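Report on one structure; see the data block that follows.
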Amino acid sequence: MIIPFLTEAFFLLGSIGFIWGLRLLSSPETARKGNIYAGIGMALAIVAVLVVPLGENPPNNYTWITVGIAVGTVIGYLAAVRVAMTAMPQMVSLFNGLGGACAVLLGLADVLHYYDGSKVVDSAGFLTVLLTLFIGGVAFTGSLFAYAKLEDLVDDRKVTLPQHTLVNLVMLLGLIILGGYLLMRGEDIGQEAAIAFMVVSLIYGISFVAPIGGADMPVVIALLNSFSGLSGAAAGVLVDSQFMVVGGILVGASGTILTVMMCNAMNRSIWNVLIGGFGGSTASAASATGGSVRELSLNDAAIQLFYSQSVVVVPGYGLAVAQAQKICKEIDDQLSANGVDVKYAIHPVAGRMPGHMNVLLAEADVPYPKLLDLDEANQALASADVAIIVGANDVVNPAAETDPGSPIYGMPVLRVWTAKSVIVMKRSMRSGYAGIENPLFFHERTRMLFGDAKDVLGKLSSEIKTL
Amino acid sequence: MEYFFSFFLDNLLLIYLLVFTIILGFEVIAKVPTVLHTPLMSGSNAISGVVVIGAILLVRRTDPSDVLTLSFGVVGIILGTINAVGGFVVTDRMLEMFRKKKK
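Set out below in structure tokens:
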């Protein structure tokens with residue numbers, strides 16, 4: 058009696074650890090403790106599942122379990138301590154995929170046992186098996202494909218078929234029909250049909266991520282995160298573990314909220330993101346931005362920054378690519394020493410996953426109260442002397458507010474043009490990730506500094522030293 | 100329809116658990132500020148490693164002669180553990196950077 062009580066109590070404590078941990082994640086001061094609580098929750102559950110009574114003399118296979126946990130721990134730990142912070146989106150994608158793959162394996166084992174008669178499953182149970190295969194399958198292959206995209210292993214344009222949306226819809230419809238048929242006539246048509254269902258789900262995962270790319274990556278990662286959680290919850294119903302259901306649903310909720318936030322930050326519906334990328338749209342050829350750009354000398358830029366009251370830095374993914382966070386922080390220190398108020402304006406979709414830019418700046422020792430979100434940043438920008446844009450483009454595009462023909466019209470942007478002057482640091486005049494012209498570069502208050510972000514910031518820093 | 104009604108009545112506790120966890124999840128997570136979205140994602144990602152629990156149950160129940168199921172289970176344990184351990188460790192690494200910057 059005492060063993061079943063203790064194991065179930067551990068599962069309950071583990072669930073509380075997850076919920077409490079997520080709650081503590083709502084403030085930077087307590088977040089680390091929260092993550093540790095969630096980790097302890099997981100550890101308690103693993104201890105419990107190792108000793109929970111399973112009928113008369115279960116085979117147990119403790120050697121295999123130990124081997125599995127040991128191998129997984131070593132690989133997971135090494136991957137986690139070695140990954141660069143710029144590569145976090147890839148890492149999270151890969152981990153999402155692993156969770157999904159694990160759920161697929163559990164579903165597949167159930168399919169095999171259902172057909173060889175070693176496990177009795179009612180139709181609600183079989184529906185859960187199918188859901189596990191589908192959600193887990195999409196999370197698995199979709200995440201691996203998203204990983205390949207983030208690593209630039211595949212070219213977005215080359216993996217998109219003509220009429221790709223239609224192909225996806227047909228595949229989804231096919232899955233629904235096959236699934237319904239399996240539910241009604243499952244025993245008669247044999248396990249091949251169930252395995253076919255799994256294979257099509259796996260293909261669908263790739264096909265569903267294929268046309269989405271570029272600036273939409275944060276949405277995809279958030280969505281796949283939610284899928285990996287939901288597949289865990291479905292598998293939890295399968296093995297009758299309330300603990301897994303609670304954990305999976307919490308992840309599903311978190312992924313869903315982030316997906317919605319990312320979509321709002323781009324003023325697009327989730328449907329719009331899923332059926333068509335920015336890249337393909339040729340909408341705004343009309344907004345041909347005339348005029349010429351004005352360049353600024355490094356010396357002038359240094360003087361302007363050093364003798365201003367307040368500076369707002371707008372970092373984009375270009376900053377991260379150039380690994381320029383540290384040198385950016387150095388300039389911040391130089392300016393702050395002269396009494397300049399330096400803040401950072403972070404757009405919700407800056408970087409390639411939700412909150413990515415905040416992590417990169419935190420890594421460079423920028424204190425988090427200096428990181429402003431969209432609303433705070435727009436207030437700060439209105440009274441700022443200088444807005445300096447480092448490797449960002451679409452998130453500071455005034456066309457989002459002024460040009461109804463622009464593909465990003467209506468997207469909330471950082472209103473840098475309300476600052477007294479604007480310095481744009483950019484590699485070249487090429488358009489951004491989304492391939493849209495930016496009239497900001499031709500604005501009367503804008504001056505350009507061309508070059509690699511790290512290189513230019515380095516020179517700027519030495520110029521400031523001479524002042 | 101009849102089947103649906105009886106399913107609902109038979110699984111009332113599970114349905115309560117699902118509904119309340121969804122509500123709780125949304126309430127707790129909506130409070131997380133933008134600054135912490137990446138750690139939230141990698142932390143919740145680690146939690147999705149709960150599938151490892153299912154994989155362990157599967158292996159414990161599988162007869163050693165059933166090599167196929169056993170290998171599914173062991174691979175599942177490896178993948179789930181990577182997801183959980185890697186996720187928690189990398190989140191801790193990130194959050195440490197946020198903490199030491201406190202003024």
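As given, the protein sequences belong to chains H and D, one line each in that order. Everything in the first sequence is counted per this note's numbering, starting at 58 for the first residue and increasing by one. Everything in the second sequence is counted per this note's numbering, starting at 100 for the first residue and increasing by one. Ideal Cβ placement from N, Cα and C applies to all residues, glycine included. Fair warning: this is a prediction, and the values are worked out from it, not measured in the lab.
Taking 7 angstroms as the threshold (beta carbon to beta carbon), is residue i in contact with chain D?
| i | result |
| --- | --- |
| Ala342 (chain H) | No answer about Ala342 (chain H) holds up, because its pLDDT of 39 lies below 50 and its placement is not dependable. |
| Met99 (chain H) | yes |
| Trp328 (chain H) | no |
| Arg409 (chain H) | no |
| Cys385 (chain H) | no |
| Leu376 (chain H) | no |
| Ile122 (chain H) | yes |
| Gly448 (chain H) | no |
| Gly125 (chain H) | yes |
| Ile314 (chain H) | yes |
| Ala345 (chain H) | For Ala345 (chain H), the predicted structure reports a pLDDT of 46, less than 50, and the residue's modelled location is therefore unreliable. A value from the coordinates is still provided. Chain D contact via Cβ: absent. |
| Val128 (chain H) | yes |
| Ile132 (chain H) | yes |
| Ser338 (chain H) | With a pLDDT of only 41 at Ser338 (chain H), under 50, the local geometry of the prediction cannot be trusted, and the value read off the model is given with reservation. For Ser338 (chain H), the answer is no, since every Cβ of chain D falls outside 7 angstroms of its Cβ. |
| Phe335 (chain H) | Residue placement at Phe335 (chain H) is flagged as unreliable, the pLDDT there being 45, under the threshold of 50; the coordinate-derived value follows with that caveat. Answer no: the Cβ-Cβ gap between Phe335 (chain H) and chain D never drops below 7 angstroms. |
| Glu65 (chain H) | no |
| Phe152 (chain H) | yes |
| Met241 (chain H) | no |
| Leu188 (chain H) | no |
| Asn415 (chain H) | yes |
| Ser200 (chain H) | no |
| Ala136 (chain H) | yes |
| Ser83 (chain H) | yes |
| Ser478 (chain H) | no |
| Val195 (chain H) | no |
Measuring alpha carbon to alpha carbon, tell me which residue in the options is nearest residue i.
| i | options | result |
| --- | --- | --- |
| Leu362 (chain H) | H:Tyr466, H:Leu514, H:Tyr94 and H:Lys176 | H:Leu514 |
| Pro469 (chain H) | H:Gly293, H:Ala379 and H:Ala456 | H:Ala456 |
| Ala449 (chain H) | H:Ser311, H:Glu494 and H:Leu353 | H:Glu494 |
| Leu184 (chain H) | H:Ala205, H:Tyr238, H:Asp390 and H:Ala419 | H:Tyr238 |
| His136 (chain D) | H:Ala510, H:Asn435, H:Leu355 and H:Asn282 | H:Asn282 |
| Arg504 (chain H) | H:Met486, H:Ala137, H:Ser518 and H:Ser285 | H:Met486 |
| Asn153 (chain H) | D:Tyr115, D:Val166, D:Thr180 and D:Phe103 | D:Thr180 |
| Cys320 (chain H) | H:Trp121, H:His404 and H:Gln382 | H:His404 |
| Leu164 (chain H) | H:Gly373, H:Leu187 and H:Glu65 | Checking the sequence, you will find Gly at residue 164 (chain H) rather than Leu. Cα-wise, what sits closest to Gly164 (chain H) is H:Leu187. |
| Ser393 (chain H) | H:Ala419, H:Phe300, H:Ser365 and H:Gly289 | H:Ser365 |
| Ala526 (chain H) | H:Gly304, H:Val479 and H:Met145 | Nothing in the structure corresponds to residue 526 (chain H), since chain H is present only between 58 and 524. |
| Ala100 (chain H) | H:Leu82, H:Leu69 and H:Ser84 | H:Leu69 |
| Leu506 (chain H) | H:Lys483, H:Ala88, H:Ser264 and H:Arg80 | H:Lys483 |
| Pro268 (chain H) | H:Trp328, H:Phe254 and H:Thr316 | H:Trp328 |
| Gly153 (chain D) | D:Ile177, D:Val166, D:Ser141 and D:Leu167 | D:Ile177 |
Any beta carbon from chain H within less than 7 angstroms of residue i's own beta carbon?
| i | result |
| --- | --- |
| Ile231 (chain D) | Nothing about residue 231 (chain D) can be reported from this structure: the residues present for chain D run from 100 to 202 only. |
| Leu108 (chain D) | no |
| Phe187 (chain D) | yes |
| Phe119 (chain D) | no |
| Asp191 (chain D) | yes |
| Lys202 (chain D) | With a pLDDT of 44 at Lys202 (chain D), under the threshold of 50, the predicted position of this residue should be treated as unreliable, though the coordinate-derived value follows. Yes, its Cβ sits closer than 7 angstroms to a Cβ of chain H. |
| Gly142 (chain D) | yes |
| Gly124 (chain D) | yes |
| Val166 (chain D) | no |
| Phe103 (chain D) | no |
| Ile177 (chain D) | yes |
| Leu139 (chain D) | yes |
What are the boundary residues of the alpha helix (DSSP H) that residue i is part of?
| i | result |
| --- | --- |
| Lys516 (chain H) | Ala510 to Lys522 |
| Val149 (chain D) | Counting along the chain, Val149 (chain D) falls outside any alpha helix (DSSP H), and DSSP gives it neither H nor E. |
| Gln299 (chain H) | Gln299 to Ala322 |
| Leu101 (chain H) | Ala88 to Val108 |
| Asp109 (chain D) | Glu101 to Asp109 |
| Ser72 (chain H) | Ile59 to Leu81 |
| Glu458 (chain H) | Ala456 to Thr459 |
Would you list the residues sitting across from residue i in a DSSP beta bridge?
| i | result |
| --- | --- |
| Leu428 (chain H) | H:Tyr401 |
| Thr190 (chain D) | Paired residue(s): none; Thr190 (chain D) is not in a bridge. |
| Pro372 (chain H) | H:Val447 |
| Val479 (chain H) | H:Ala444 and H:Thr503 |
| Ser164 (chain D) | DSSP lists no partner for Ser164 (chain D). |
| Ser367 (chain H) | H:Asp398 |
| Glu420 (chain H) | None, per the DSSP bridge assignment. |
| Glu352 (chain H) | H:Met505 |
For the beta strand (DSSP E) containing residue i, list its first residue and its last residue.
| i | result |
| --- | --- |
| Phe9 (chain H) | No information on residue 9 (chain H) is available, as it lies outside the stretch 58 to 524 that chain H covers here. |
May I have a chain-ordered list of the alpha helix (DSSP H) segments no shorter than 4 residues that lie completely inside the region 138-214 of chain H?
With a minimum length of 4 residues, the continuous alpha helix (DSSP H) runs that stay inside the region 138-214 of chain H are 145-172 and 180-207.
If we require 3 or more residues per run, which beta strand (DSSP E) segments fall completely within the region 243-293 of chain H?
As far as the region 243-293 of chain H is concerned, it has no whole beta strand (DSSP E) run of at least 3 residues.
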